[in-house]
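> Numbering (this note's numbering) for the sequence shown: 16 to 79.
Starting off with a structure, shown below.
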Amino acid sequence: IAALAMGGALWLIDMQVALYIDTTLLRILYGPALVITGVIFYVIFARAIGALTLADIKRTMRRN
Numbered sequence: 016i017a018a019l020a021m022g023g024a025l026w027l028i029d030m031q032v033a034l035y036i037d038t039t040l041l042r043i044l045y046g047p048a049l050v051i052t053g054v055i056f057y058v059i060f061a062r063a064i065g066a067l068t069l070a071d072i073k074r075t076m077r078r079n
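Next comes the structure, spelled out in structure tokens:
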């Protein structure tokens with residue numbers, strides 16, 4: 016469910032922002048920005064539906 020919500024959010028963002036991405040530099044920057052935005056939205060949606068706890072997120076962010 017979180018992945019579906021993330022995909023919908025990214026699709027809506029892409030519909031609005033892609034019209035303004037016209038140079039190569041902006042395209043190069045847009046890809047990673049979209050990926051980072053996707054990760055943020057996924058964590059938000061997964062947390063909202065209870066699929067992730069704060070402890071899970073902290074454990075994932077720690078280095079081994």
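All C-beta atoms in this analysis are idealised placements derived from N, C-alpha and C, irrespective of residue type, glycine included.
Going by DSSP, what residue range makes up the alpha helix (DSSP H) through Leu25?
Your numbering for residue 25 matches position 10 in the sequence shown. That run of the alpha helix (DSSP H) goes Ala17 to Val32.
> Hey, Ile72 and Ile16 are a contact pair by Cβ (cut 8 Å); roughly how many whole angstroms apart?
The residue labelled residue 72 in the question sits at position 57 within the sequence shown. The residue labelled residue 16 in the question sits at position 1 within the sequence shown. Not quite, the Cβ-Cβ distance comes to about 17 Å (not below 8 Å), so this is no contact.
> Specify, as a first and last residue, the run of the alpha helix (DSSP H) that Arg42 falls within.
Locating residue 42 in the sequence shown gives position 27, counting from the first residue. It spans Thr39 to Ala63 - the alpha helix (DSSP H) in which Arg42 sits, taken as one unbroken run.
> In the structure shown, what three-state DSSP assignment does Leu67 receive?
Counting from 1 along the sequence shown, the entry for residue 67 is found at position 52. Correct three-state label for Leu67: coil.
> DSSP three-state label for Ile72, please.
Mapped onto the sequence shown, residue 72 falls at position 57. Three-state DSSP puts Ile72 in a helix.
> Note down, in chain order, each residue of its chain lying with its Cβ closer than 6 Å to the Cβ of Ala18, except the 5 sequence neighbours on either side.
Along the sequence shown, one-based indexing puts residue 18 at 3. If we look at Ala18 and ignore the five residues flanking it on each side, it has no Cβ neighbours.
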